[in-house]
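What follows is a single structure, written as structure tokens, with notes after it.
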Amino acid sequence: MSENIRVLTVDDSASMRALLRAALTSRGYNVSQAEDGVAALEWLTDNGSDIDVIVTDINMPRMDGFGLIEALRGQARFRDCPILVLSTESSDDKKARARSAGATGWIVKPFDAEKLDTALRRVTH
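Residue 128, in my numbering, is where the sequence shown stops; the numbers in between run on with no holes.
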């Protein structure tokens, strides 16, 4: 099922990171976390080969989700890594911008743990 799927969640909200960790670990995912795009890139520099999918917020300090997606898609090793956006934003222009940056999919907060699980399994299999 979702065992051994390694997920990096990127969100500036500590409470959202805690919710994501609880929802995903209870379903068997191996979860790592970063508080913004800069922290995510730093973590991925050391651990990137160990990640199967990235779930990122859009609105974050230092580097937002758009910048993170663009930075990752510019690196050969992350060109094909699934990246899901998890955001309170839901406008068509934001979704289009995320798609053009290279996002694989979009999930609106507050997230439904079952739908998130389904989305993660869909993009990792």
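Backbone N, C-alpha and C fix where the C-beta goes; we use that ideal spot for every residue, glycine too.
Fair warning: this is a prediction, and the values are worked out from it, not measured in the lab.
If you ignore the 5 residues before and after Arg-100, its C-beta comes within less than 7 Å of the C-beta of Phe-69, all in its own chain and listed in chain order. Annotation note: the region 39-124 contains the following uninterrupted alpha helix (DSSP H) runs of length 4 or greater, listed N- to C-terminal: 40-50, 68-76 and 95-104. Contact between the region 26-39 and the region 101-111 is absent: fewer than three C-beta pairs spanning the two stretches fall below 8 Å. Secondary structure at Ser-18: helix, using DSSP grouped into helix, strand and coil. The beta carbon of Lys-97 sits closer than 8 Å to the beta carbons of Ile-61 and Ser-90 from its chain, once the five residues preceding and following it are set aside; these are given in chain order. Between the alpha carbons of Val-58 and Asp-95 lies a distance of about 19 Å.
The Cβ neighbour count for Gly-77, taken over all protein chains shown within 10 Å, is under 16; the residue is labelled exposed.
Scanning Ser-93, Ser-29, Asp-83 and Asp-115 for the CA closest to the CA of Thr-127 turns up Asp-83. Thr-121 counts as exposed, since fewer than 16 other beta carbons sit within 10 angstroms of its beta carbon.
Measuring C-alpha to C-alpha distances from Leu-22 to each of Arg-80, Phe-114 and Trp-46 identifies Phe-114 as the nearest. With fewer than 16 neighbouring CB atoms inside 10 Å of its own CB, Pro-64 falls in the exposed class. Scanning its chain for C-beta atoms nearer than 7 Å, with the 5 sequence neighbours on each side dropped, one finds around Asp-15 the residues Glu-38, Asp-39, Asp-60, Met-63 and Pro-64, in chain order.
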